[in-house]
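Student: Starting off with a structure, shown below.
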Amino acid sequence: MKSKLLTRIFFYLMVVGIALVVLFPFLWMLSSSFKTQVDIISWPPKLFFEPTLQNYRKVFEEQNFLKYFMNSTIVGAVAVGLSLLLGLPAAYSIARFKQNRLAIFILLARLMPGISFLMPWYIIFSRLDLMDSYVALILSHMLIALPIVVWIMSTYFSAIPRELEESAMVDGATRQYAFLRIILPLSGPGIITATTLSFIFSWNNFMFSQVLSMERTKTLPIAVYNFLSYAEVDWGGVMAAAVAIMAPAIVLTMIFQKYVVKGLTMGAVKG
3 MKSKLLTRIF
13 FYLMVVGIAL
23 VVLFPFLWML
33 SSSFKTQVDI
43 ISWPPKLFFE
53 PTLQNYRKVF
63 EEQNFLKYFM
73 NSTIVGAVAV
83 GLSLLLGLPA
93 AYSIARFKQN
103 RLAIFILLAR
113 LMPGISFLMP
123 WYIIFSRLDL
133 MDSYVALILS
143 HMLIALPIVV
153 WIMSTYFSAI
163 PRELEESAMV
173 DGATRQYAFL
183 RIILPLSGPG
193 IITATTLSFI
203 FSWNNFMFSQ
213 VLSMERTKTL
223 PIAVYNFLSY
233 AEVDWGGVMA
243 AAVAIMAPAI
253 VLTMIFQKYV
263 VKGLTMGAVK
273 G
């Protein structure tokens, strides 16, 4: 009995320790977003201070963050939507017809560093006069979203028994009809998982937007640069902007957390 109590205490201490390590940067960023520049750079750090909303006023009134928010939303939503449109049939084909080479090729595209695509993208889009356009950003973000959709959904489809669609096909349904009417409705948690993770990766992407976007299509991660200058860094504005960028991703994850966990665990076990 005593050993079980000690084990439980040790477990909870480990959980608290890991949670503090993980949450400390976010909590520090959140508290700094309500500090003045003097309080942020003061040493030793001030744990008790008079909060201010001035940093958030800079973000939403002076820096036009709502425009950048809309740009990120449009790019992320369209990129994820097109990735689902192409990735779901591809994942189903990989799962049912054992197209392992195609799966490896898609995985390699995801594992390659994104910077290796920048120069080809830049040359192609500049010659097509698509720089600073939603088309350029959406296509580049699909390099992130599409492999995630394919790999999550291929394992998920593999876990769905073949007998379900085969029974429908025996009754006269086509494979396409069985996929749309039987497989996809059963794959809701997996689709939500792929959608959530793909959107978050697209939302946080910095590199493609840095090169391919300008003022018209600037996204949220790039907008943080507005608080950096040669002479100084507006740390309060940076922290407030970072909180504004992270908040939608955190809310989205909290809303769909149950489905994400279910989708990942079901896709991890076949049969």
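Heads up, this note's numbering is the position in the sequence shown plus 2, with the first residue counted as 1.
C-beta atoms are modelled at their ideal positions from N, C-alpha and C, and glycine is treated no differently.
(1) So A81 packs on A147, CB below 8 Å; how close in whole Å?
(2) Less than 8 Å between the CB atoms is what I'm expecting for A243 and V61, so what's the real figure, rounded?
(3) Quick one: is K260 buried, meaning 16 or more other Cβ sit within 10 Å of its Cβ, or exposed?
(4) If you draw a straight line from the alpha carbon of Q212 to that of D173, how long is it in whole angstroms?
(5) Tell me where the alpha helix (DSSP H) around V235 begins and ends.
(6) Considering only C-alpha positions, which residue in the set M209, P223 and V245 is nearest to S118?
(7) What's the call for K72, buried or exposed, on a 16-neighbour Cβ count within 10 Å?
(8) Please report the residue range of the alpha helix (DSSP H) in which Q274 lies.
(9) Straight-line CA distance for K272 to S85?
(10) Taking a contact to mean a Cβ-Cβ separation below 8 Å, would you say I150 touches S200 in this structure?
(11) Run through DSSP, which three-state label would L25 get?
(12) At what residues does the alpha helix (DSSP H) containing S142 begin and finish?
(13) Whose C-beta lies closer than 8 Å to the C-beta of V226 among residues of the same chain, with five residues either side of it excluded?
(14) CB-CB under 7 Å to L1, same chain, minus the five flanking residues each way: which ones, in chain order?
(15) Quick check on F50: buried or exposed, where buried means 16 or more other Cβ atoms within 10 Å of its Cβ?
(16) Are there three or more Cβ pairs, one per stretch, closer than 8 Å when the segment 149-163 is compared with the segment 86-105?
(17) Less than 8 Å separating the beta-carbons of S74 and L222?
(18) From this set, N228, F203, V235 and W237, which residue's C-alpha is nearest P250's C-alpha?
(19) Is the Cβ-Cβ distance between L254 and L139 less than 8 Å?
(20) If K37 sits next to G238, beta carbons under 8 Å apart, how far is it from one beta carbon to the other, in whole angstroms?
(21) Measuring CB to CB, does E167 end up less than 8 Å from A180?
Tutor: Taking the geometry as given:
(1) Counting from one through the sequence shown, the residue named residue 81 turns up at place 79. Counting from one through the sequence shown, the residue named residue 147 turns up at place 145. About 5 Å separates the two Cβ atoms, so the contact holds.
(2) Here residue 243 refers to the residue found at position 241 when the sequence shown is read from its first residue. Here residue 61 refers to the residue found at position 59 when the sequence shown is read from its first residue. 5 Å between Cβ atoms; contact.
(3) What you label residue 260 is simply residue 258 of the sequence shown in a count that begins at 1. With fewer than 16 other Cβ atoms inside 10 Å of its own Cβ, K260 counts as exposed.
(4) For the purposes of this step, residue 212 is identified with residue 210 of the sequence shown, where counting begins at 1. For the purposes of this step, residue 173 is identified with residue 171 of the sequence shown, where counting begins at 1. Whole-angstrom Cα-Cα distance: 53 Å.
(5) Taking the sequence shown and counting its residues from 1, one reaches residue 235 at position 233. Looking at the DSSP string, V235 is not in any alpha helix (DSSP H), and its letter there is neither H nor E.
(6) Residue numbering aside, residue 118 sits at position 116 when the sequence shown is read from its first letter. Residue M209 holds the alpha-carbon nearest to the alpha-carbon of S118 among M209, P223 and V245.
(7) The sequence position of residue 72 within the sequence shown is 70, counting from 1. For clarity, residue 72 is Met in the given sequence; the question names Lys instead. Per the 10 Å Cβ criterion, exposed.
(8) The structure shown has nothing for residue 274, since the chain only spans 3 to 273.
(9) In the sequence shown, counting from the first residue as 1, residue 272 sits at position 270. In the sequence shown, counting from the first residue as 1, residue 85 sits at position 83. Confidence at K272 is low in this model, with a pLDDT of 46, below 50, so its placement is unreliable and the value that follows should be read with caution. So the two alpha carbons sit approximately 24 Å from each other.
(10) On the sequence shown, residue 150 is found 148 positions in, with the first residue counted as 1. On the sequence shown, residue 200 is found 198 positions in, with the first residue counted as 1. By the CB criterion at 8 Å, I150 and S200 fall inside the cutoff.
(11) For this step, residue 25 is matched to residue 23 along the sequence shown. When secondary structure is reduced to three states using DSSP, L25 falls in the helix class.
(12) The residue you call residue 142 lines up with position 140 of the sequence shown. The continuous alpha helix (DSSP H) containing S142 extends over residues Y136 to A161.
(13) Along the sequence shown, one-based indexing puts residue 226 at 224. Non-local C-beta neighbours of V226 in its own chain, meaning closer than 8 Å and more than five positions away in sequence, comprise V240, A243, A244 and I247, ordered along the chain.
(14) Because the chain is modelled from 3 through 273, residue 1 falls outside the range shown and cannot be assessed.
(15) Translated into positions along the sequence shown, residue 50 becomes position 48. With fewer than 16 Cβ atoms within 10 Å of its Cβ, F50 is classed as exposed.
(16) The answer is yes - the segment 86-105 touches the segment 149-163, with three or more Cβ pairs under 8 Å.
(17) As a position in the sequence shown, residue 74 is number 72, starting the count at 1. As a position in the sequence shown, residue 222 is number 220, starting the count at 1. Cβ distance < 8 Å, so S74 and L222 count as in contact.
(18) On the sequence shown, position 248 is the one that residue 250 refers to. It is F203.
(19) Along the sequence shown, one-based indexing puts residue 254 at 252. Along the sequence shown, one-based indexing puts residue 139 at 137. Cβ distance not < 8 Å, so L254 and L139 don't count as in contact.
(20) What you label residue 37 is simply residue 35 of the sequence shown in a count that begins at 1. What you label residue 238 is simply residue 236 of the sequence shown in a count that begins at 1. Between K37 and G238, the beta carbon gap of about 6 Å places them in contact (Cβ cut-off 8 Å).
(21) Against the sequence shown, residue 167 aligns to sequence position 165. Against the sequence shown, residue 180 aligns to sequence position 178. In this structure, E167 sits near A180, with a CB-CB distance shorter than 8 Å.
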